[in-house]
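Notes follow the structure.
Numbering (the numbering used here), first residue to last: 27 to 180.
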């Protein structure tokens, strides 16, 4: 298992910004349990973001601007525990791809999902768009379906 902190120690450029994004998110999710935590407390994360042009596309194709996303993060973080295990990071000239194993708990519900997030940057190296893709077990089964045979296989 590798932590984001371990990889961050040697990262540079846009890859470093993406890892810092994950590190700051973890820190603020933990801090969100403190009384008085608001959307304004995401300011350290906003320093990495092109807040005027930001778009986040979630796993259900929901689209949010920065203000909507900060509100979403606040509500989620106040009731959630979250951590991640680093899997892979790939940087191209236009996009950084980050693969994580994410663990979260909300009340009695806990989950572990594989995520791939695409981070697009503006010319000033600020994150302008994030698209999130998830893999998870089928709800209430604790397993992933097995697909035998060639039908439907790709």
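We put the beta carbon where it would ideally sit given N, CA and C, even for glycine.
All values derive from a computational prediction rather than experimental measurement.
- Return yes when the Cβ of residue 71 is within less than 8 angstroms of the Cβ of residue 100, no when it is not. no
- Message: Which residue wins for smallest C-alpha separation from residue 60, given the options 46, 39 and 104?
- Response: 104
- Task: Could you have a look at residue 51 and say whether DSSP puts it in helix, strand or coil?
- Result: helix
- Tell me whether residue 20 is buried or exposed, calling it buried when 16 or more other Cβ atoms sit within 10 Å of its Cβ. With the chain covering only 27 through 180, there is no way to say anything about residue 20.
- So, helix, strand or coil for residue 140, using DSSP? strand
- Which ranges would you report for the alpha helix (DSSP H) in the stretch 32 to 81 if only whole runs of at least 4 residues count? 39 to 57 and 69 to 72
- Bridge partner(s) assigned by DSSP for residue 93: The partner list for residue 93 (beta bridge, DSSP) is empty, contrary to what the question assumes.
- Query: In three-state terms, what does DSSP make of residue 126?
  - Reply: strand
- Roughly how many whole angstroms lie between the Cα atoms of residue 149 and residue 57? 31 angstroms
- Is residue 145 closer than 8 angstroms to residue 33 when the C-beta atoms are compared? no
- Query: By a C-beta neighbour count over all protein chains shown, 10 Å radius and 16 as the cutoff for buried, is residue 91 buried or exposed?
  - Reply: exposed
- Query: In angstroms, rounded to a whole number, what distance separates the CA positions of residue 134 and residue 35?
  - Reply: 34 angstroms
- Count the other CB atoms within 10 Å of the CB of residue 131; is the residue buried (16 or more) or exposed (fewer)? The residue in question, residue 131, is exposed, as its Cβ has fewer than 16 Cβ neighbours within 10 Å.
- Where does residue 96 land, buried or exposed, given buried means 16+ other C-beta within 10 angstroms? buried
- Message: Do residue 160 and residue 136 have their beta-carbon atoms positioned less than 8 angstroms apart in this structure?
- Response: no
- Query: Apart from the five residues on each side of it in sequence, which residues of its chain come closer than 6 angstroms, Cβ to Cβ, to residue 83?
  - Reply: 89 and 157
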